[in-house]
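J.:
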Ligand SMILES: Nc1ncnc2c1ncn2[C@@H]1O[C@H](COP(=O)(O)OP(=O)(O)O)[C@@H](O)[C@H]1O
Ligand SMILES: [Mg+2]
């Protein structure tokens, strides 16, 4: 096909492959005002996920393809980011100030949920989104450490709601602020579920595109509360390549499917070990676990992070790798995971209420 009308141009644009996220442009972006007149093609492309560092290459790619397709000499692409709200569980209402809640979960502890959550949240923010992180791990809240804000307490101006803490450009709230992690679990148990509900609904989140929820391990009470009370638009499952970790991750994945929360995909942490002496890269935990899970459950592998001592040193000391070494290959791997996660979210169903709103706005133009 050779595009010769405005609508052909729109269709062609939608069919262009975005290699960085392995999606068609039309899956993760909205094309507006496509026009072809004489030897000039124009269009506005609204990307549904943050990827500022990719904009130049995406614009070039689109322009080259359009030139080849239409024969036009002048191509004017107006590339924008527009992150919209996505559908949540049927009976729940979205939270004020938060467009999309993405839960980061795993069947098992110690696989790197908190580390991945922290760095992905920072990567989404550096790529152009407004991001918050909610630490829901009652067994060991780690975000205050990772964000370098240990001991800081959220303030309440009205006695009813709390202002989120701020760190590295993120809005941060931790269940550790409401519940003393040193208290025995029997006391904490009943408080935990209401605390998660409170943290999501009674924090004054300010215009977030994404709220990343760092979940505790397992498929217990907190997960149930999340599924029943928190309007979640997607989840990401963290695994490590060891078989045993993927067995647990499979349970987690199956649970979210059961409660109709979209599983955006899997992130494999500690995929390979890079020797700090010789740079040799080794799959010490074995290979193929995430691929097998991806095939069995028909979900995407959205990212792979190496096992690297710098990740632990930097992240555990309050300066996650995305902040400590933003130009490193590791930071680039987090950035790529962030594009893939947010693109997977962009490809999901949009929220019905906001869709309806858009139609009304367009009709009144
Ligand atoms: N890719 C990685 N390379 C090296 N250390 C890591 C990596 N991911 C996580 N860690 C370290 O492993 C430990 C457990 O990670 P954490 O994110 O707290 O796991 P979880 O939240 O799943 O319990 C932390 O000390 C963390 O710094
Ligand atoms: Mg954790």
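In our numbering, the protein residues as written are 182 to 546.
Ideal Cβ positions, reconstructed from N, Cα and C, are used throughout, including at glycine.
The model shown is predicted, which means the values in this text are computed figures rather than measured ones.
From the DSSP output, in three-state form, read off residue 343 for me.
T.: It is a strand residue.
J.: Using the DSSP secondary-structure output, state which residues sit across from residue 391 in a beta bridge.
T.: Per DSSP, 281 and 312.
J.: Taking residue 242 as part of the alpha helix (DSSP H), name the residues at either end of that continuous run.
T.: That run of the alpha helix (DSSP H) goes 236-251.
J.: Which whole runs of the beta strand (DSSP E) in the segment 419-503 are 3 residues long or more, in chain order?
T.: Here the runs fully enclosed are 444-449 and 482-485.
J.: Here's a check: name, in chain order, each residue in its chain whose Cβ is nearer than 8 Å to the Cβ of residue 206, leaving out the five neighbours to either side.
T.: Cβ within range, chain order: 194, 195, 196, 197, 198, 199, 212, 226 and 243.
J.: Is residue 294 near ligand 2 - that is, is its Cβ less than 6 Å away from at least one heavy atom of it?
T.: Checking the Cβ of residue 294 against ligand 2 gives yes.
J.: Which partner residues does residue 226 have in the DSSP bridge list?
T.: DSSP, once it has assigned bridges, lists 212 and 260 as partnering residue 226.
J.: Just mark residue 356 as buried or exposed, buried being the case when its beta carbon has 16 or more other beta carbons within 10 Å.
T.: Its Cβ being crowded by 16 or more others within 10 Å, residue 356 is buried.
J.: On a Cα-Cα basis, can you pick out the residue from 490, 444, 468 and 432 that is closest to residue 458?
T.: Residue 458 has its Cα closest to that of 490, out of 490, 444, 468 and 432.
J.: Given 6 Å as the limit, tell me if residue 323 has its C-beta closer than that to any heavy atom belonging to ligand 2.
T.: Under cutoff, so the answer is yes.
J.: Can you tell me whether residue 485 sits near ligand 1, meaning its C-beta is under 6 Å from at least one heavy atom of the ligand?
T.: Every heavy atom of ligand 1 is 6 Å or more from the Cβ of residue 485, so no.
J.: Ends of the beta strand (DSSP E) at residue 352?
T.: First-last of the beta strand (DSSP E) with residue 352: 351-355.
J.: Please report the distance separating the alpha-carbon of residue 263 from that of residue 229.
T.: Using only the alpha carbons, I get a separation of about 5 Å.
J.: Under 6 Å: does the beta carbon of residue 429 sit that close to some heavy atom of ligand 2?
T.: Answer for residue 429: no, Cβ out of range of ligand 2.
J.: Going by DSSP, what residues sit across from residue 267 in a beta bridge?
T.: Partner(s): 531.
J.: For a test of the three-state rule: what should DSSP assign to residue 536, helix, strand or coil?
T.: Residue placement at residue 536 cannot be trusted, given a pLDDT of 43 that sits under 50; what the coordinates show is reported in the next sentence. Three-state result, residue 536: helix.
J.: Would you tell me roughly how many angstroms separate the C-alpha atoms of residue 548 and residue 377, rounded to the nearest one?
T.: Look at the range of the chain in this structure, 182 to 546, and you will see that residue 548 is not part of it.
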